[in-house]
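*Asks:* Residue numbers (UniProt numbering): 1 to 249.
For each residue, glycine too, the CB sits at the ideal point set by N, CA and C.
Computed from a predicted model, the values in this text were never measured in an experiment.
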């Protein structure tokens, strides 16, 4: 997401806030999580004073977008799995949805499939373990090929034809952590696949709702709710400074 935004708006300033004290979100109940998301996002807006808020998390977006829009006067852009572009791209009409357990099971996700991929077979794979692998990579550790293969065994199987079932040819990266692992996913996949995430679409949407973004605005500030020294090098790859602690008071 950060890469796509910087590519589209190279002169804009970016501020990143991460609720790493509560990761992974998929283990919390929806009501508690929605309240937490609003609290963290409002604190981040107060600290950063942005002209637009991008909620770069599928779970957070499905739970709290409307509440955030009610609280804030700036535009709020959410993130949802890129089902629509994946369906448009697929030639076999069999796509994969790679997401967290929470996103895979939400009615909102099924509504996206019904609206934009009703003529497709959709293989849904809950791969929460990939969040841990992405976080490890940000902390400077190489992702584990064995753990990735274990988490994606069902996806790899679906990428091969089975009787009258066509092989899937396109995979939606339905968690904003997963694009970080795209090079490893592409290398480990037993068949060539199209990997689709929402980064470019979200970046375009930001331009539509935010208007001209301020050139040379303060850039690279980073806030976390928990310890983040181990993330410093990974965040620096995306142009962010060492994290400060975000006050939720």
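Using 7 Å as the threshold, is the C-beta distance between residue 125 and residue 154 below it?
*Replies:* Cβ atoms of residue 125 and residue 154: closer than 7 Å.
*Asks:* Do residue 175 and residue 100 come within 7 Å of each other at the CB atom, strictly closer than that value?
*Replies:* Result yes, Cβ atoms of residue 100 and residue 175 sit closer than 7 Å.
*Asks:* Please work out which residues of its chain come closer than 8 Å, Cβ to Cβ, to residue 202, disregarding the five sequence neighbours upstream and downstream, and give them in chain order.
*Replies:* Taken in chain order, the residues that qualify are 1, 4, 5, 54, 56, 77, 79.
*Asks:* Look at the alpha carbon of residue 159 and the alpha carbon of residue 71, and state the distance between them as a whole number of angstroms.
*Replies:* Their Cα atoms are separated by approximately 44 Å.
*Asks:* Measuring only the C-alpha atoms, how far is residue 135 from residue 142?
*Replies:* One C-alpha to the other measures close to 10 Å.
*Asks:* For residue 167, collect the residues of the same chain with a Cβ closer than 8 Å to its Cβ; drop the 5 residues on either side in sequence, then sort them by chain order.
*Replies:* Excluding residues within five positions, the ones whose Cβ falls inside 8 Å are 92, 94, 158, 159, 160, 161, 191.
*Asks:* In whole angstroms, give me the CA-to-CA distance for residue 73 and residue 42.
*Replies:* Their backbone Cα atoms lie some 11 Å apart in a straight line.
*Asks:* Just the C-alpha distance for residue 122 and residue 184, rounded to the nearest angstrom, thanks.
*Replies:* Residue 122 and residue 184: Cα-Cα distance of roughly 22 Å.
*Asks:* Please look up how many angstroms separate the CB atoms of residue 232 and residue 246, rounded, as I've assumed it's under 8 Å.
*Replies:* In fact, because the Cβ distance is near 16 Å, the residues do not count as touching under 8 Å.
*Asks:* For residue 151, which residues from the same chain have a beta carbon less than 7 Å from its beta carbon, with the 5 sequence-adjacent residues on both sides left out?
*Replies:* Same-chain partners within the cutoff: 127, 129, 130.
*Asks:* So, residue 188 versus residue 137, is the Cβ gap smaller than 7 Å?
*Replies:* No.
*Asks:* Do you know how far the Cα of residue 196 is from the Cα of residue 221?
*Replies:* The straight-line gap from Cα to Cα measures roughly 28 Å.
*Asks:* Put residue 37 into one of helix, strand or coil per three-state DSSP.
*Replies:* Here residue 37 sits in helix by DSSP.
*Asks:* Any idea what DSSP makes of residue 180, helix, strand or coil?
*Replies:* Helix.
*Asks:* Between which two residues does the alpha helix (DSSP H) harbouring residue 124 extend?
*Replies:* Premise fails: residue 124 lies in the beta strand (DSSP E), 121-126, not in any alpha helix (DSSP H).
*Asks:* Going by beta carbon distance, what residues of the same chain come within less than 7 Å of residue 47, once the five residues before and after it are set aside?
*Replies:* Correct list, in chain order: 223, 246.
*Asks:* In terms of residue numbering, what span does the beta strand (DSSP E) encompassing residue 209 cover?
*Replies:* First-last for residue 209: 199-210, but that is the alpha helix (DSSP H), not the beta strand (DSSP E).
*Asks:* With H, G and I counted as helix, E and B as strand and the rest as coil, what does DSSP make of residue 140?
*Replies:* Note: residue 140 maps to coil in three-state DSSP.
*Asks:* How many Å lie between residue 243 and residue 118 at the Cα?
*Replies:* If you take the alpha carbons of residue 243 and residue 118, they lie about 43 Å apart.
*Asks:* Give me the DSSP bridge partner(s) of residue 162.
*Replies:* Bridge partners of residue 162: 165.
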